[in-house]
Amino acid sequence: MRLIARLTKLEPVRFVSHLDILRLLQRAFRRAGVPLSYSQGFNPHPLLSFATALSTGYTSGAEWIDVKLDKDMDTDDFLSSVNAALPVGFGFKEAYAVEDRLPSLTALLESATYCVTFSADTNADELKKDIAALLSGEIIVEKRTKGGLKNVDIRPQVIEADVAEEAGHAVLTVKGVLNTSGSLNIELLMGALARQSGKNYDYSVHRVNVEFIGGRSTPV
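So for the sequence shown, our numbering puts the first residue at 8; every next one is plus one.
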């Protein structure tokens, strides 16, 4: 059985790394009695993967996982049993049984939306002007590639951006490309904002959702 599920990662666990989350999930699945499938060979490992990795320090409402099971399991049973085994800050919100012929979740990704919340001393109007200036032309950043460091323009990876004030904080909502050809890196964008504006902004990042091909909020 192949199962996909959406995991949330909240403030108490924001600094848990991607690799540590994978290990944590494996332990939670074992405690919950989830019949994980394992790879063949000398070093078997659970057939469990994420659609995309989340940067350490970020929170998220939409971390999609893809897992293979040795036998069928009701999705409601999966949600209740695994959530009971997870630490505070993590939780699965939905799960679906899918056919093996469904492409990998990574191949289906299209975009992601982030909320960047700035410190209380950040002026929303000034931030809005800084963002507008940043997006008015190319955004050249130094990016590490397989061939080494390279200067690239990440402006085409920003689909839309908006600044508003929420609960006394300036909040940048930005939708960016997220696919196998190239994805918006929020840290590179914020670094470019700091260089362009001359301001050292303090902020936190939450991935609100991801969209799959066709603008769908779920892969199925």
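Glycine included, C-beta positions come from ideal geometry on N, C-alpha and C.
query: Any alpha helix (DSSP H) of 4 or more consecutive residues that is wholly inside the region 115-187; result: 131-142
query: Distance, L156 Cα to A35 Cα; result: 39 Å
query: Whether M8 touches D84 by CB criterion (8 Å); result: no
query: Closest residue to L191 among V227, E167, E70 and A39 (Cα-Cα distance); result: E167
query: Strand pairing of S56, partner residues [DSSP]; result: D73
query: Touching by the beta-carbon criterion (3+ pairs, under 8 Å), the region 9-27 and the region 55-71; result: yes
query: Span of the alpha helix (DSSP H), counted from its first residue to its last, around T82; result: T82 to A92
query: Proximity to R38 [Cα-Cα], best of L116, L93 and V212; result: L93
query: Three-state secondary structure (DSSP) of V20; result: helix
query: Of the residues G48, R223, S204 and T59, the one placed nearest K136, counting alpha carbons only; result: S204
query: Residue closest to L26, alpha-carbon to alpha-carbon, out of Y45, L55 and S211; result: L55
query: Proximity to E133 [Cα-Cα], best of M197, F97 and A177; result: A177
query: Within 8 Å, strictly: CB atoms of D77 and I11; result: no
query: Residues that K218 bridges to, as DSSP identifies them; result: Reading the sequence as shown, one finds Glu at residue 218 and not Lys. Per DSSP, S118.
query: Cβ distance (whole Å) where V6 is taken to contact Y210 below 8 Å; result: Given a span of 8 to 227 for the chain in the structure shown, any question on residue 6 remains unanswerable.
query: Per DSSP, cross-strand counterpart(s) of H2; result: The displayed coordinates of the chain run from 8 to 227. Any statement about residue 2 would go beyond what the structure contains.
query: Inter-residue Cα distance where the pair is N158 and N216; result: 28 Å
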